[in-house]
Each structure stands twice: as structure tokens, then as C-alpha cells.
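Encoded as C-alpha cells, the structure appears first; notes follow it.
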Amino acid sequence: MERRRRYKPSRHRKTGFKTYLLIFLLCGVAAVVLDFLFGVPDKAKQFAEDSLNAAVRNAVRNEVTAAAKNAQKNAQGGAGIAKIQAAAAAAGR
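Residue numbers (my numbering): 734 to 826.
Printed below as a string of C-alpha cells:
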């Protein structure tokens with residue numbers, strides 16, 4: 734008598750193409766999200782530094798412009814005062 738072999742169904746099903754595609758897409762999404770999360774702080778820091786540098790440059794430019802205008806007014810006013818003093822000295826002679 735020949736012994737009959739019993740058919741044993743496999744315990745695990747074959748993994749289909751859709752499952753691999755889903756895993757691939759999830760890994761891709763995870764990679765993009767992690768890149769975004771780790772890249773944002775560096776970009777934000779660079780943006781803050783650039784903004785701060787621009788604000789400092791504008792403040793210095795405004796101060797220099799105001800000082801130049803003030804010096805120009807004083808130079809013109811000083812010449813006017815010198816003319817008045819010269820005229821007063823000439824009239825007093």
C-alpha cells in the first residue's frame with residue numbers, strides 16, 4: 734500500500750505586486766516628509782539670518798544718509814553764519 738501524501742496549503746500567501754507598490758510608495762512619501770522636516774530648520778535659520786542682515790544694512794544706510802544730510806545742512810548753515818558775521822564785522826567798522 735502506497736502512502737498518500739496529504740496536501741498542505743501554504744501558510745503564507747504570495748505577496749502581490751500591489752503590496753510591493755504600496756510599500757514603495759509609503760517609503761517614498763516617508764523619505765520626502767523626513768527630508769522636508771530636516772531641511773526646514775536649516776532653511777528657516779538661513780532666512781532669519783538673511784532678514785537680520787538686510788535689516789542691519791538698511792539701518793546703517795539710513796543712519797549714514799541722515800548723518801550726511803545733517804553734515805550738509807551744517808556746512809550750508811555754517812557758511813551762512815560766516816557771511817553774517819563777516820557782514821556784521823564790516824558794518825561795525
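The C-beta atom is built at its ideal place from N, Cα and C for all residues, glycine as well.
query                                                                         : result
Inter-residue Cα distance where the pair is tyrosine 753 and asparagine 786   : 49 Å
Alanine 824 versus arginine 794: straight-line alpha-carbon distance, rounded : 45 Å
Straight-line Cα distance separating alanine 764 from glycine 772             : 12 Å
Coil, strand or helix - lysine 751 by DSSP                                    : helix
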